[in-house]
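J.:
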Amino acid sequence: MLYKRSSALFKNAKNVIPGGVNSPVRAFKAVGGTPIFAKSAKGAYVYDEDDNRYIDYINSWGPMLLGHAYEPVVKAVIEKAKNGTSFGMPTEIETKIAELAVSMVPNVDKIRFVNSGTEACMSAVRLARGFAGKEKIIKFAGCYHGHSDSFLIQAGSGAVTFGSPNSPGVTQGTAKDTLLARYNDIDSVKALIEANKDEIACIIVEPVAGNMGCIPPKDNFLQKLRTLCDAHNILLVFDEVMTGFRLAKGGVQELYGVDADIICFGKVIGGGLPVGAFAARNEIMNHLAPLGRVYQAGTLSGNPLAMAAGLAMLTAIKNDKDLIQRLADKTEYLHKGFARALDTYNITHTINREGSMISIHFSEEEVVDFETAAKGDNPTFKSFFHGMLNEGIYIAPSAYESWFITDALTYTDLDETIRAVEKVAQTL
Ligand SMILES: *Cc1c(COP(=O)(O)O)cnc(C)c1O
Numbered sequence: 000m001l002y003k004r005s006s007a008l009f010k011n012a013k014n015v016i017p018g019g020v021n022s023p024v025r026a027f028k029a030v031g032g033t034p035i036f037a038k039s040a041k042g043a044y045v046y047d048e049d050d051n052r053y054i055d056y057i058n059s060w061g062p063m064l065l066g067h068a069y070e071p072v073v074k075a076v077i078e079k080a081k082n083g084t085s086f087g088m089p090t091e092i093e094t095k096i097a098e099l100a101v102s103m104v105p106n107v108d109k110i111r112f113v114n115s116g117t118e119a120c121m122s123a124v125r126l127a128r129g130f131a132g133k134e135k136i137i138k139f140a141g142c143y144h145g146h147s148d149s150f151l152i153q154a155g156s157g158a159v160t161f162g163s164p165n166s167p168g169v170t171q172g173t174a175k176d177t178l179l180a181r182y183n184d185i186d187s188v189k190a191l192i193e194a195n196k197d198e199i200a201c202i203i204v205e206p207v208a209g210n211m212g213c214i215p216p217k218d219n220f221l222q223k224l225r226t227l228c229d230a231h232n233i234l235l236v237f238d239e240v241m242t243g244f245r246l247a248k249g250g251v252q253e254l255y256g257v258d259a260d261i262i263c264f265g266k267v268i269g270g271g272l273p274v275g276a277f278a279a280r281n282e283i284m285n286h287l288a289p290l291g292r293v294y295q296a297g298t299l300s301g302n303p304l305a306m307a308a309g310l311a312m313l314t315a316i317k318n319d320k321d322l323i324q325r326l327a328d329k330t331e332y333l334h335k336g337f338a339r340a341l342d343t344y345n346i347t348h349t350i351n352r353e354g355s356m357i358s359i360h361f362s363e364e365e366v367v368d369f370e371t372a373a374k375g376d377n378p379t380f381k382s383f384f385h386g387m388l389n390e391g392i393y394i395a396p397s398a399y400e401s402w403f404i405t406d407a408l409t410y411t412d413l414d415e416t417i418r419a420v421e422k423v424a425q426t427l
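Following numbering that gives the first Met the number 0, the numbering of the sequence shown begins with 0 at its first residue and continues without gaps.
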């Protein structure tokens, strides 16, 4: 494949945009090489500026659950735009999508719309703190909740239980309120609660992790978190920015039968436009301004174009009885094909899968948390990534990302993908 135009565009972009990108992972730093500039996309395929075609497994990092340029979404946005693109006044469509979302998600009465997953998680934690009247939070190493200060925290050293900043610009003062636990390790959570009695407002978790590859919860991890939260008066926040409206119509709460107190959304809920949201029961949501004293606002929040896209998306998901099963079947088909191909050429690997999320880790050990995810062989991933790209398969340019399966994929596409894995495996 030729990447002539992409390379030229990247060069120009770097002059005026830091690193040439508006979100770091797009820059291919983890895998080397030059990022592909997208020109257009339709269904399961994305086309780059050099007119190469790829079967797309990033799908804008999740939102395009039904494929690119999904007709009802495109139509809804175009029609809405004709009537004005933003008003700073309430609009009817905000209530419509709120009613629909609340009807689909278990255990919530009200929802507030924002502009990104980052905003949703940041606001959810503020609401949790405001509601609980406590300041500390627990998050899990390897879980991503957007780029707000409280979440850019890594495990502290040695005996200290609080975290330390993992980006310059995040203060020690902020870091001391974020405690780091290990995913799928309930004892690590218990220890933090014990050491910080009556100080913890909430535990925030990706209920199925997707930002260290795909890592499902094991041994009733979510149920155990729920029990701990109940016992210690801590709010449980499910960050379903990746999993919401994807793994089940009601998200992981429905899939695993565990209730969270606040749920964060993003990605799919906006149908490809910038949308985030957080939702909870009345007793919690009513603490939010203007009803309550916890402040949160946004000039473009509930933007009519974004709401139109989201409404069309959620409506399509709600009305399609077999969607979730179809997606899971396609993902399972890929899983089997990948395992067969990699086994044939003796490539050490572990495949994790949940619903329409799947990831290949080039390591032997079961991948259950950040530490085991980090044991993957990075040089192998790099070669795999570039090999797949060359075969016209676009996967995330980082070993720590899940693949996102869309409904637009046909079994012919899946077979083509498996054949590509077979071919690339021979070169690893
Ligand atoms: C993508 C993601 C976010 C951040 O959402 P943005 O829209 O990129 O700000 C937060 N949490 C999870 C689980 C995500 O996957």
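Think of the CB as a built atom: it goes at the ideal place given N, C-alpha and C, for glycine as much as any other residue.
Answer with buried or exposed for Ile16, where buried requires no fewer than 16 other C-beta atoms within 10 angstroms of its C-beta.
T.: Here residue 16 is taken as the residue at index 17 of the sequence shown, counted from 1. Around the beta carbon of Ile16, fewer than 16 other beta carbons sit within 10 angstroms, so the residue counts as exposed.
J.: Closer than 8 Å, CB to CB, is Pro164 near chain D or not?
T.: Although the question refers to chain D, the structure presented lacks it and comprises just one protein chain.
J.: How would you call Pro89, buried or exposed, if buried means at least 16 neighbouring beta carbons within 10 angstroms?
T.: Taking the sequence shown and counting its residues from 1, one reaches residue 89 at position 90. Pro89 comes out exposed.
J.: In its own chain, which residues sit with a C-beta less than 8 Å from the C-beta of Ile54, not counting the 5 before and 5 after it?
T.: Residue mapping note: residue 54 aligns to position 55 of the sequence shown, counting from 1. Excluding positions up to five away in sequence, the list reads Ala43, Tyr44, Gly391, Ile392, Tyr393, Leu408, Asp412, Glu415 and Thr416.
J.: Would you kindly work out how many angstroms separate the C-alpha atoms of Ser358 and Ser397, rounded to a whole number?
T.: Along the sequence shown, one-based indexing puts residue 358 at 359. Along the sequence shown, one-based indexing puts residue 397 at 398. One C-alpha to the other measures close to 11 Å.
J.: Kindly list the residues whose CB is nearer than 7 Å to the CB of Gly31, restricted to its own chain and excluding five residues on each side of it in sequence; keep chain order.
T.: Position 32 of the sequence shown holds residue 31. Hits under 7 Å: Lys381.
J.: Between the alpha carbons of His385 and Ile35, how many angstroms are there, rounded?
T.: For this step, residue 385 is matched to residue 386 along the sequence shown. For this step, residue 35 is matched to residue 36 along the sequence shown. Between His385 and Ile35, the C-alpha separation is close to 12 Å.
J.: Going by DSSP, what residue range makes up the beta strand (DSSP E) through Leu234?
T.: Along the sequence shown, read from residue 1 onward, the residue named residue 234 stands at position 235. Note, Leu234: beta strand (DSSP E), Leu234 to Asp238.
J.: Within 10 angstroms of its Cβ, does Gly212 collect 16 or more other Cβ (buried), or is it exposed?
T.: Looking up residue 212 in the sequence shown gives position 213. Classification of Gly212: buried, given that the 10 Å Cβ count is 16 or more.
J.: May I have a chain-ordered list of the beta strand (DSSP E) segments no shorter than 3 residues that lie completely inside the region 19-91?
T.: 37-41, 44-47 and 52-55
J.: When every heavy atom of ligand 1 is checked, does at least one fall within less than 7 Å of the C-beta of Trp402?
T.: Locating residue 402 in the sequence shown gives position 403, where the first residue counts as 1. Trp402 has its CB no nearer than 7 Å to any heavy atom of ligand 1.
J.: I want to check one thing, is the minimum distance from the CB of Met103 to the heavy atoms of ligand 1 below 7 Å?
T.: Along the sequence shown, one-based indexing puts residue 103 at 104. The answer is no for Met103.
J.: On the three-state DSSP scale, how would you describe Tyr294?
T.: Working through the sequence shown from its first residue, we reach residue 294 at position 295. Reduced to three states, the DSSP call for Tyr294 is coil.
J.: To the nearest angstrom, report how far apart Gly61 and His67 are at their CA atoms.
T.: Position 62 of the sequence shown, counted from the first residue, corresponds to residue 61. Position 68 of the sequence shown, counted from the first residue, corresponds to residue 67. C-alpha separation (whole angstroms): 11 Å.
J.: Of all the alpha helix (DSSP H) runs that stay within the bounds of the region 349-402, which reach a length of 4 or more residues?
T.: The qualifying runs are 369-372 and 377-389.
J.: Using three-state DSSP, classify Cys213 as helix, strand or coil.
T.: Translated into the one-based positions of the sequence shown, residue 213 becomes position 214. Here Cys213 sits in coil by DSSP.
J.: Quick one: what's got a C-beta closer than 6 Å to Glu93's C-beta in the same chain, skipping five residues either side?
T.: Looking up residue 93 in the sequence shown gives position 94. Within the same chain, and ignoring the five residues on either side of Glu93 in sequence, the residues whose Cβ sits closer than 6 Å to its Cβ are Gly301 and Met306.
J.: With 16 other CB atoms within 10 Å as the buried threshold, where does Arg339 fall?
T.: Counting from 1 along the sequence shown, the entry for residue 339 is found at position 340. With fewer than 16 other Cβ atoms within 10 Å, it is exposed.
J.: Ligand 1 and Asn210: does the residue's C-beta get closer than 7 Å to at least one heavy atom of that ligand?
T.: The residue labelled residue 210 in the question sits at position 211 within the sequence shown. It does: the Cβ of Asn210 is within 7 Å (strictly closer) of some heavy atom of ligand 1.
J.: So what's Phe244 in DSSP terms, helix, strand or just coil?
T.: As a first step, residue 244 is located in the sequence shown; it is residue number 245 there, counting from the start. Of the three classes helix, strand and coil, the one that applies to Phe244 here is coil, per DSSP.
J.: Apply the 10 Å Cβ neighbour rule to Gly172 and answer buried if 16 or more other Cβ atoms are within range, or exposed otherwise.
T.: Walking along the sequence shown from the start, residue 172 turns up at place 173. By the neighbour-count rule (16 or more Cβ atoms within 10 Å), Gly172 is not buried but exposed.
J.: Might you give, ordered along the chain, the residues of its own chain that have their beta carbon closer than 8 Å to the beta carbon of Glu364, omitting 5 neighbours on each side?
T.: As a first step, residue 364 is located in the sequence shown; it is residue number 365 there, counting from the start. Same-chain partners within the cutoff: Thr349, Thr371 and Lys374.
J.: With distance defined between alpha-carbon atoms, name the residue in Phe139, Gln252 and Asn232 nearest to Glu239.
T.: For the purposes of this step, residue 239 is identified with residue 240 of the sequence shown, where counting begins at 1. Checked all of Phe139, Gln252 and Asn232; the closest Cα to Glu239 is Gln252.
J.: Beta-carbon separation of Leu64 and Asp406 under 8 Å?
T.: Here the question's residue 64 lines up with position 65 in the sequence shown. Here the question's residue 406 lines up with position 407 in the sequence shown. It is a contact, given that the beta carbons lie within the stated cut-off.
J.: Look up Leu1 in the DSSP assignment and give the residues it is bridged to.
T.: Taking the first residue of the sequence shown as 1, we reach residue 1 at position 2. Answer is none; Leu1 lacks a bridge partner.
J.: Can you give me the C-alpha to C-alpha distance between Ser115 and Lys79, rounded to a whole angstrom?
T.: Translated into the one-based positions of the sequence shown, residue 115 becomes position 116. Translated into the one-based positions of the sequence shown, residue 79 becomes position 80. Each residue's alpha carbon lies about 20 Å from the other.
J.: Which parts of the region 81-155 are runs of the beta strand (DSSP E), unbroken and 3 residues or longer, counting only runs that do not cross its ends?
T.: 109-113 and 135-139
J.: Here's the rule I'm using: 16 or more other beta-carbon atoms within 10 Å means buried, otherwise exposed. How should Thr428 be labelled?
T.: Residue 428 cannot be examined here, being either before or after the span of the chain that is shown, 0 to 427.
J.: Considering Phe264, what are the terminal residues of the beta strand (DSSP E) in which it resides?
T.: Counting from one through the sequence shown, the residue named residue 264 turns up at place 265. For Phe264, the enclosing beta strand (DSSP E) covers residues Ile261 to Phe264.
J.: Hey, quick one: how far does the beta strand (DSSP E) through Phe277 stretch, first residue to last?
T.: Start at 1 with the first residue of the sequence shown, and residue 277 comes out as number 278. From DSSP, the beta strand (DSSP E) with Phe277 extends over Gly275 to Ala279.
J.: If you measure between the beta carbons of Ala174 and Ser166, is that distance less than 8 Å?
T.: Here residue 174 refers to the residue found at position 175 of the sequence shown. Here residue 166 refers to the residue found at position 167 of the sequence shown. Their beta carbons are not under 8 Å apart, which means Ala174 does not touch Ser166 by this criterion.
J.: Determine the direct distance from the alpha carbon of Asn82 to that of Lys216, and round the result to whole angstroms.
T.: For the purposes of this step, residue 216 is identified with residue 217 of the sequence shown, where counting begins at 1. For the purposes of this step, residue 82 is identified with residue 83 of the sequence shown, where counting begins at 1. For clarity, residue 216 is Pro in the given sequence; the question names Lys instead. For Pro216 and Asn82, the distance between alpha carbons rounds to 45 Å.
J.: If we ignore side chains and look at the alpha-carbon of each, how far apart do Thr177 and Ala419 end up?
T.: Mapped onto the sequence shown, residue 177 falls at position 178. Mapped onto the sequence shown, residue 419 falls at position 420. When rounded, the distance between both Cα atoms is 42 Å.
J.: If you run the structure through DSSP and keep just helix, strand and coil, what is Leu179?
T.: Within the sequence shown, numbered from 1, the residue matching residue 179 stands at position 180. Looking at Leu179 - three-state DSSP - the assignment turns out to be strand.
J.: Would you mind reading off the limits of the alpha helix (DSSP H) that contains Val251?
T.: Residue mapping note: residue 251 aligns to position 252 of the sequence shown, counting from 1. Gly250 to Tyr255 is the extent of the alpha helix (DSSP H) around Val251.
J.: Check whether the Cβ of Tyr446 lies closer than 7 Å to any heavy atom of ligand 1, and answer yes or no.
T.: A question about residue 446 goes unanswered here, because the residues of the chain that appear run from 0 up to 427.
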